[in-house]
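In UniProt numbering, the protein residues as written are 1 to 354.
Notes for the one structure printed next.
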């Protein structure tokens, strides 16, 4: 009788369990660095634990959000720069929590790739951990999926899941928004994580490579400038909410820009009137609109155009709220007001300086 040949292994099918285990060991110190009251466990179990009582809540309402970073990932992959994309992942989730008045508590990530490179994976998770530290939330778990045939070897995808909490009765928006309330704009750090399908089309039309100098940023390559991570507003906004009690609503300016995001937090009988002349537009947006021939209205519907967060504030407390935010490191300016509802949820005055 002939000897039976050895059967196929999972590794021969393209999935390396040992590489996955190695990555887990590499990221454990990063995960520990995100510990906070309520979360002090180790990763590696079947689920992450969080103790709301230890976090100081008495009658909390949980708020959850999930998101990704879109085709900004393609730039990170093609440029081989993976250390900040995890910050974007956290930012897109936790900024959506804080606009509802919730404190982000914990975060989980999903990382899928065609061929797992433990060093690359650990670099990506280092960015996720940094984002969690900036937001004050714990990275309590995640999933790494090696899926040959689903992704090309260098390709990967990311998804994030965040849970926060607010005491009952303290969620935003409030029910007392009135005509004359002030709109404050918090500056963005750049393009953030929306509109990158258009960004990539414009870059392709420009003829520039990712390693070429950025035409709109000194001492940075094009990839470095476009991969500037999304600003995380959590700590400064929570401080303003808790110290002033003057914030009525917040809108995270993501895909859809001003016209799609601001009306989401306004009562049906009010509009937001924006003074476009007051917005300080970063050079990247001017480069995009000129290089791509993109109209101003399309820019404001696709990108944040320099304003990553808009808040509705009682007119008598606008200066106080702005002072708290500035002390916390934000660049903030009055950019408009609440007016009776007109044809659109957002009304423009002046012209944006693109």
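Glycine included, every Cβ here is placed at the ideal spot set by N, Cα and C.
In this structure, how does DSSP classify residue i when only helix, strand and coil are distinguished?
i: residue 384; result: The structure shown does not extend to residue 384, since the chain is modelled only from 1 to 354, so the question has no answer here.
i: residue 228; result: coil
i: residue 203; result: helix
i: residue 341; result: coil
i: residue 189; result: coil
i: residue 102; result: coil
i: residue 116; result: coil
i: residue 330; result: coil
i: residue 166; result: strand
i: residue 144; result: strand
i: residue 352; result: coil
i: residue 309; result: strand
i: residue 180; result: coil
i: residue 45; result: coil
i: residue 360; result: Outside the shown range of the chain, which is 1 to 354, sits residue 360, and nothing can be said about it.
i: residue 80; result: coil
Throw me the rounded Cβ distance for the residue i and residue j pair, which I believe falls under 8 Å.
i: residue 300; j: residue 259; result: 7 Å
i: residue 91; j: residue 229; result: 7 Å
i: residue 184; j: residue 334; result: 6 Å
i: residue 211; j: residue 225; result: Not confirmed; about 12 Å, so no contact.
i: residue 88; j: residue 72; result: 6 Å
i: residue 272; j: residue 336; result: 6 Å
i: residue 23; j: residue 116; result: 7 Å
What are the residues that DSSP puts in a beta bridge with residue i?
i: residue 160; result: 67, 109
i: residue 213; result: 221
i: residue 173; result: Paired residues: none, contrary to the question.
Note down the Cα distance separating residue i from residue j, rounded to an integer number of angstroms.
i: residue 239; j: residue 163; result: 19 Å
i: residue 245; j: residue 318; result: 11 Å
i: residue 349; j: residue 267; result: 21 Å
i: residue 59; j: residue 168; result: 6 Å
i: residue 220; j: residue 253; result: 25 Å
i: residue 97; j: residue 103; result: 7 Å
i: residue 111; j: residue 161; result: 12 Å
i: residue 208; j: residue 193; result: 20 Å
i: residue 48; j: residue 313; result: 37 Å
i: residue 69; j: residue 159; result: 8 Å
Ordered list of alpha helix (DSSP H) runs contained in the stretch 10 to 39, each at least 4 residues: Listed in chain order, they are 17 to 32.
Segments of 3+ residues assigned as beta strand (DSSP E) that fall wholly inside the stretch 232 to 305: The stretch 232 to 305 contains these whole beta strand (DSSP E) runs: 247 to 252, 270 to 275.
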